[in-house]
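Asker:
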Amino acid sequence: MGEGRGLSRRALLGWGGGVAAGVAVGAAGGLGLAEVRTPAGPTAGSTTGATTGPGGRTAAGAHAFTGARQAGIVTPAQDRLYLAAFDVTTSDRGALVDLLRTWTVMAARMTQGLPAGPGGPTGGAYDAPPDDTGEAADLPPAGLTVTFGFGRSLFVGRPGPDPAAGVDRFGLAGRLPGGLVELPHFAGDALDPARSDGDLVVQACADDPQVAVHAVRNLARAAFGTATLRWAQLGYGRTSSTSTQQATPRNLFGFKDGTAAVKAEEAEALEQHVWVPASAAAADAPAVDSGWLTGGSYLVARRIRMTIETWDRASLREQEAVVGRTKGAGAPLSGGEEFTEPDFAASGRGGAPLIAADSHVRLAHPSSNGGVRMLRRGYTFTDGNDRLGRLDAGLVFLAFVTDPRTHYVPMQTALASQDALSEYLQHTGSGLFAVPPGVTEVPTGPDGTPVLVADGPFVGEALFR
Amino acid sequence: MSRRLATAAGLVALALPLTACVPNDPPAAAAGTGGAAAAAGPLTVSSTADACTLSADTAPSGTLRFSVTNDGTDVTEFYLLAEDGLRIVSEVENIGPGLTRDLVVQAEPGSYWTACKPGMVGDGLRSPFTVTDSGTPVGPTGDTAELLAAAEASYLAYVKDQAGALIAATQAFAGAYASGDDAAARAQYAPARVHWERIEPVAESFGDLDPLLDLREADLEEGAVWSGWHLVEKDLWQPALEANGGVAYVPLTPEQRATAAADLVTYTQRLVDQVNAPGFEVEAFQIGNGAKELLDEVATGKVTGEEEIWSHTDLWDFAANVDGAHVAYEVLAEVVEGEDADLAAQLEERFTELEGLLARHGSYAAGFAGYDTLTPDEVRALAAAVDALSEPLSQLTATVTSA
Chain A
1021 MGEGRGLSRR ALLGWGGGVA AGVAVGAAGG LGLAEVRTPA GPTAGSTTGA TTGPGGRTAA
1081 GAHAFTGARQ AGIVTPAQDR LYLAAFDVTT SDRGALVDLL RTWTVMAARM TQGLPAGPGG
1141 PTGGAYDAPP DDTGEAADLP PAGLTVTFGF GRSLFVGRPG PDPAAGVDRF GLAGRLPGGL
1201 VELPHFAGDA LDPARSDGDL VVQACADDPQ VAVHAVRNLA RAAFGTATLR WAQLGYGRTS
1261 STSTQQATPR NLFGFKDGTA AVKAEEAEAL EQHVWVPASA AAADAPAVDS GWLTGGSYLV
1321 ARRIRMTIET WDRASLREQE AVVGRTKGAG APLSGGEEFT EPDFAASGRG GAPLIAADSH
1381 VRLAHPSSNG GVRMLRRGYT FTDGNDRLGR LDAGLVFLAF VTDPRTHYVP MQTALASQDA
1441 LSEYLQHTGS GLFAVPPGVT EVPTGPDGTP VLVADGPFVG EALFR
Chain B
19 MSRRLATAAG LVALALPLTA CVPNDPPAAA AGTGGAAAAA GPLTVSSTAD ACTLSADTAP
79 SGTLRFSVTN DGTDVTEFYL LAEDGLRIVS EVENIGPGLT RDLVVQAEPG SYWTACKPGM
139 VGDGLRSPFT VTDSGTPVGP TGDTAELLAA AEASYLAYVK DQAGALIAAT QAFAGAYASG
199 DDAAARAQYA PARVHWERIE PVAESFGDLD PLLDLREADL EEGAVWSGWH LVEKDLWQPA
259 LEANGGVAYV PLTPEQRATA AADLVTYTQR LVDQVNAPGF EVEAFQIGNG AKELLDEVAT
319 GKVTGEEEIW SHTDLWDFAA NVDGAHVAYE VLAEVVEGED ADLAAQLEER FTELEGLLAR
379 HGSYAAGFAG YDTLTPDEVR ALAAAVDALS EPLSQLTATV TSA
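Here it is in structure tokens:
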């Protein structure tokens, strides 16, 4: 259908007629998009790469939106997460493309600390609602990244309960990559459909939760008529480090988590375990053309509730035995320090292994999983309490992997049935998304900021070609 | 937060009955910032391949805390031995290289030996150690070992007794179910499971038996074969379409029934055989942990109605878990009373409260109300009583093992 056509009237209206003629399609470098590794606080206005947007805000502490890969994967994990999945409500392929194009520009702007639309919170028509909701107006970019992905249902629809086939609404069934499987039911799964799956996913990470929520709120607003929020999940504290520059944080069990995960500095490991290689598309061919995902990744998202009340009653001995690491330093029970490789052969009294056979560190370790590793980007959540007066709290498990069939399903199958930790975990939400590669440039307007143009590039564009 | 963590974090445990079990501790506030529960502060021990270096070779009687760091490359152990060099007063094992573990022990005045055992072989690197008289009597120890041995024997007898009752009830239930007498099977289902639920942590200690007998459908891995109580439960209380994920439930065929019934008996008999095997023992710490685990079972499965989603007989299991925990506590009660009278009193009180609350919803003789008939407020009250008991009950093991 008409993906090559101009923008819909609605999109034009929402942007105040901002599709300008004669707009330059400039390289992203003109935006001051240099990656700033250390997220800047409000006082760090002198950081290089700063630019002043229409709202008078500085782009200090901004991560580049453009690049061969989407930001928000190897970017050093920010402190907060707002993860949102959307159901596409239209079956008009052109409308879907319009939305992705609009989202791309909005994300390119917001990640640089610019308002979502060209008018901003106060600069538009007085009789029109502002094209940015305004709550981030005085805040720095706070390291915001916005990462987009596509769910299986976008390609083949949602199957009914009595395996009724889903509907391919957008003519994408032939583009479904092999790794975008329906995850199996793992032992103990208690998934809530209302907290699972979705056609589209938006991962907004920032060091300020208001900045992250602002991004999703404005994207959701732009989606009305095309897509609606299916579920959204706030993560208030990071539990992973994606860079060797970052210390390993603790999860709600009080333990360091993800010590062995892939870090941004491990170029070879990223190629091997995180990015989708060209060979994946070759394997899908000729039945399926999935080359659009080459250079992208898969996002496994699981909402894992922790039964922290019973965990808190477990003795320190049991807690350490279950995890396989010391609670203090995070050292494996076989000895050493946090980053000492666990020695699974080490045994103590009576020949019993120092790191128990059913401990988390053993079962999750690459050596128990054919050498596979994941890039983890998890966050802690607390969503109030349940009806029994217990915290509804846990981990938003986020992992970026090259293929979930090899890099998630086997490990989770083993963990769900054998991991002693699973006694304290309940998976209540689940999503698997194909994350396309990045957008290398965005068009800019006369003021040098990203602007929406007809036929402008957008995230996942190759999927619709 | 458990008291053990509170102590380790150096918090002032004013609200907790900490001092009761350590009569000769200095006032709690004095230990508030040092992170040490010991009268004389922590003693440090460095264990290497050829040395066992202590920060002091003497300490006043009372609670001693040895903070043992493995500075060597082999796994090590640390012992406090009696004057004869043979009797082990206390020990800490499995300290990996670079790690630190604490040994907390109540020591009376006298001569002792300390020993590090790098590589876990030989007599270890020994040095004499003297405990001087601090002037305050050390808490009741003397016959603790005897009390614990009696507790272990008593609990083992209880486990065997329940296992015996379980197999008898299971055989009767399986017979009724296999023969198609659904009414009789439904009536026997919950009463038979009571014996299982009372000793469930013991069954769990045998690894594969618990999943074979007690796996819920949600816990089933895709493609795995389902057996045990809940398979039969679902077949006896067959779900409607909407309660079964939108898929029509297919009843078990007579052959499948026969297999399910036979499996139930076979696996249960295996449990009976294991608890009656000559070498089978239950140690005091396992009894304490088991009591806590039974309450965890209530907290995560029964009080949420997830255990018996078809029959809604969760309160039967609930009552049985509490029974099992109460028995576990009672066999240890004398030790707990000697170590920490306040904890003992609190546990008695909270068992009574919880059991009183349960009694409002039925009894074994009259039957318990279905979980689906409870109001949200009633469930919440039960959950609160479970949590109220679980928190002090989680102190049971540490109290007993430090005795």
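Sequence order for the protein chains is A and B. Here this note's numbering runs 1020 ahead of the position in the first sequence, where the first position is 1. Here this note's numbering runs 18 ahead of the position in the second sequence, where the first position is 1. Cβ coordinates follow ideal geometry from the N, Cα and C atoms, glycine included.
(1) On the criterion of 16 or more Cβ atoms from any shown chain inside 10 Å, does E1481(A) qualify as buried, or is it exposed?
(2) Rounded to whole angstroms, what is the Cα-Cα separation between D1227(A) and P1096(A)?
(3) With 16 other CB atoms within 10 Å as the buried threshold, where does G1042(A) fall?
(4) Examine the Cβ distances between the stretch 1232-1241 of chain A and the stretch 1120-1131 of chain A and report whether three or more of them are shorter than 8 Å.
(5) Decide yes or no for the touch test of the stretch 276-286 of chain B against the stretch 246-259 of chain B: beta carbon pairs closer than 8 Å, at least 3 of them.
(6) Unbroken alpha helix (DSSP H) runs of length 4 or more, entirely within the stretch 316-374 of chain B: which are they?
(7) Taking any Cβ of chain A, which residues in the stretch 101-118 of chain B have a Cβ under 9 Å from it, in chain order?
(8) For S145(B) versus R1333(A), is the C-beta distance shorter than 7 Å?
(9) Can you list, in chain order, the residues of its chain with a C-beta nearer than 8 Å to that of A1252(A)? Leave out the 5 residues immediately preceding and following it.
(10) Chain A partners of K310(B), CB-CB under 7 Å?
(11) At a CB-CB cut-off below 7 Å, which residues of chain B make contact with S1437(A)?
(12) If you draw a straight line from the C-alpha of E1361(A) to the C-alpha of S1310(A), how long is it?
(13) Output yes or no for whether 7 Å exceeds the beta carbon distance between S73(B) and L61(B).
(14) Any C-beta of chain A sitting closer than 7 Å to the C-beta of A317(B)?
(15) Assign V139(B) to one of three DSSP states: helix, strand, or coil.
(16) Can you give the Cα-Cα distance for P1463(A) and T1402(A), rounded to whole angstroms?
(17) Under 7 Å between the Cβ atoms of S108(B) and L121(B)?
(18) Apart from the five residues just before and just after P45(B), which ones in its own chain have a Cβ nearer than 6 Å to its Cβ?
(19) Per DSSP, which residues does Y1399(A) bridge with? Please list them.
(20) Residues of chain A with CB under 9 Å from P394(B), in chain order?
(21) Beta carbon of A67(B), beta carbon of P136(B): below 7 Å?
(22) My output table needs one value for A387(B): the three-state DSSP class, helix, strand or coil.
(23) Buried or exposed for Q1446(A), please, with buried defined as at least 16 other CB atoms from any protein chain shown within 10 angstroms of its CB.
(24) For N88(B), is the classification buried or exposed, using 16 other Cβ atoms within 10 angstroms of its Cβ as the cut-off for buried?
(25) Short of 6 Å in beta carbon distance, which residues of its chain neighbour S1263(A), apart from the five on each side in sequence? Order them along the chain.
(26) Straight-line CA distance for L414(B) to E1286(A)?
(27) Spell out whether any CB of chain A is found under 7 Å from the CB atom of L34(B).
(28) How about D1151(A) and T1248(A): are their beta carbons less than 7 Å apart?
(29) Closest to G1315(A) by CA distance: which of G1468(A), V1166(A), G1404(A), V1459(A) is it?
(30) If the criterion is Cβ atoms closer than 7 Å, does the pair F295(B) and E357(B) meet it?
(31) By the criterion of Cβ-Cβ separation under 7 Å, what are the contact partners of A1351(A) in chain B?
(32) Express the C-alpha separation of L1411(A) and E170(B) in angstroms, rounding to a whole number.
(33) When you compare the CB positions of E325(B) and G319(B), do they come within less than 7 Å of one another, or not?
(34) Kindly indicate which three-state DSSP category A183(B) falls into: helix, strand or coil?
(35) Are the C-beta atoms of D141(B) and some chain A residue less than 7 Å apart?
(36) If you draw a straight line from the C-alpha of F369(B) to the C-alpha of T277(B), how long is it?
Answerer: The relevant details are as follows:
(1) Sequence index remark: in the first sequence, residue 1481(A) carries index 461 (1-based). The residue in question, E1481(A), is buried, as its Cβ has 16 or more Cβ neighbours within 10 Å.
(2) Here residue 1227(A) corresponds to residue number 207 of the first sequence, with the count starting at 1. Here residue 1096(A) corresponds to residue number 76 of the first sequence, with the count starting at 1. Cα to Cα, D1227(A) sits roughly 11 Å from P1096(A).
(3) Here residue 1042(A) refers to the residue found at position 22 of the first sequence. Confidence at G1042(A) is low in this model, with a pLDDT of 38, below 50, so its placement is unreliable and no value can be given for it.
(4) yes
(5) With the rule of 3 Cβ pairs closer than 8 Å, the stretch 276-286 of chain B counts as touching the stretch 246-259 of chain B.
(6) 332-357
(7) E111, N112, I113, G114, P115, G116, L117, T118
(8) As a first step, residue 145(B) is located in the second sequence; it is residue number 127 there, counting from the start. As a first step, residue 1333(A) is located in the first sequence; it is residue number 313 there, counting from the start. Not in contact: S145(B) and R1333(A) (Cβ atoms no closer than 7 Å).
(9) Indexing the first sequence from 1 puts residue 1252(A) at position 232. Here the set comprises Y1102, L1103, A1104, A1105, V1236.
(10) On the second sequence, residue 310(B) is found 292 positions in, with the first residue counted as 1. Neighbours of K310(B) on chain A, chain order: R1333.
(11) Counting from one through the first sequence, the residue named residue 1437(A) turns up at place 417. Those within 7 Å of S1437(A) in chain B are E239.
(12) For the purposes of this step, residue 1361(A) is taken as the residue at position 341 of the first sequence. For the purposes of this step, residue 1310(A) is taken as the residue at position 290 of the first sequence. Rounded to whole angstroms, E1361(A) to S1310(A) spans 37 Å at the Cα level.
(13) By 1-based counting over the second sequence, the position of residue 73(B) is 55. By 1-based counting over the second sequence, the position of residue 61(B) is 43. Contact: yes.
(14) Working through the second sequence from its first residue, we reach residue 317(B) at position 299. It does: the Cβ of A317(B) has a partner Cβ on chain A nearer than 7 Å.
(15) Taking the second sequence and counting its residues from 1, one reaches residue 139(B) at position 121. The answer is coil: DSSP assigns V139(B) none of H, G, I, E or B.
(16) Locating residue 1463(A) in the first sequence gives position 443, where the first residue counts as 1. Locating residue 1402(A) in the first sequence gives position 382, where the first residue counts as 1. Cα to Cα, P1463(A) sits roughly 39 Å from T1402(A).
(17) If you number the second sequence from 1, residue 108(B) lands on position 90. If you number the second sequence from 1, residue 121(B) lands on position 103. Against a cut-off of 7 Å, the Cβ pair of L121(B) and S108(B) comes out as a contact.
(18) Reading the second sequence from its first residue, position 27 is the one you call residue 45(B). Any reading at P45(B) must be qualified, since the residue scores a pLDDT of 36, below 50, and its modelled position is unreliable; no value is offered.
(19) Counted from its first residue, the first sequence places residue 1399(A) at position 379. According to DSSP, which records beta bridges pairwise, Y1399(A) is partnered with R1258(A), V1416(A).
(20) Position 376 of the second sequence, counting from 1, holds the residue named residue 394(B). What P394(B) touches in chain A: R1407.
(21) As a first step, residue 67(B) must be located in the second sequence, where it is residue number 49. As a first step, residue 136(B) must be located in the second sequence, where it is residue number 118. It is a contact, given that the beta carbons lie within the stated cut-off.
(22) Along the second sequence, one-based indexing puts residue 387(B) at 369. Correct three-state label for A387(B): coil.
(23) Looking up residue 1446(A) in the first sequence gives position 426. Buried: at least 16 other Cβ atoms inside 10 Å.
(24) Numbered from its first residue, the second sequence carries residue 88(B) at position 70. By the 10 Å Cβ count, N88(B) comes out buried.
(25) On the first sequence, residue 1263(A) is found 243 positions in, with the first residue counted as 1. Taken in chain order, the residues that qualify are P1096, K1283, A1284.
(26) Here residue 414(B) refers to the residue found at position 396 when the second sequence is read from its first residue. Here residue 1286(A) refers to the residue found at position 266 when the first sequence is read from its first residue. The straight-line gap separating the alpha-carbon atoms of L414(B) and E1286(A) is approximately 47 Å.
(27) Here residue 34(B) refers to the residue found at position 16 when the second sequence is read from its first residue. A caution first: L34(B) carries a pLDDT of 29, below 50, which makes its placement in the model unreliable, though a value can still be read off. For L34(B), the answer is no, since every Cβ of chain A falls outside 7 Å of its Cβ.
(28) Mapped onto the first sequence, residue 1151(A) falls at position 131. Mapped onto the first sequence, residue 1248(A) falls at position 228. Contact: no.
(29) Taking the first residue of the first sequence as position 1, residue 1315(A) is located at position 295. Ranking G1468(A), V1166(A), G1404(A), V1459(A) by Cα distance to G1315(A) puts V1459(A) first.
(30) Taking the second sequence and counting its residues from 1, one reaches residue 295(B) at position 277. Taking the second sequence and counting its residues from 1, one reaches residue 357(B) at position 339. Here the sequence assigns Ala to residue 295(B), which means Phe is not the residue at that position. No, these two residues do not count as a Cβ contact at 7 Å.
(31) Position 331 of the first sequence holds residue 1351(A). Chain B residues near A1351(A): G116, L117.
(32) Start at 1 with the first residue of the second sequence, and residue 170(B) comes out as number 152. Start at 1 with the first residue of the first sequence, and residue 1411(A) comes out as number 391. Distance between the alpha carbons of E170(B) and L1411(A) is about 36 Å.
(33) The residue given as residue 325(B) occupies position 307 in the second sequence. The residue given as residue 319(B) occupies position 301 in the second sequence. Yes; because the gap between Cβ atoms is below 7 Å, this pair is in contact.
(34) Residue numbering aside, residue 183(B) sits at position 165 when the second sequence is read from its first letter. DSSP places A183(B) in helix when its eight states are reduced to three.
(35) Indexing the second sequence from 1 puts residue 141(B) at position 123. By this cut-off, D141(B) is not an interface position.
(36) Along the second sequence, one-based indexing puts residue 369(B) at 351. Along the second sequence, one-based indexing puts residue 277(B) at 259. Approximately 40 Å between the Cα atoms of the pair.
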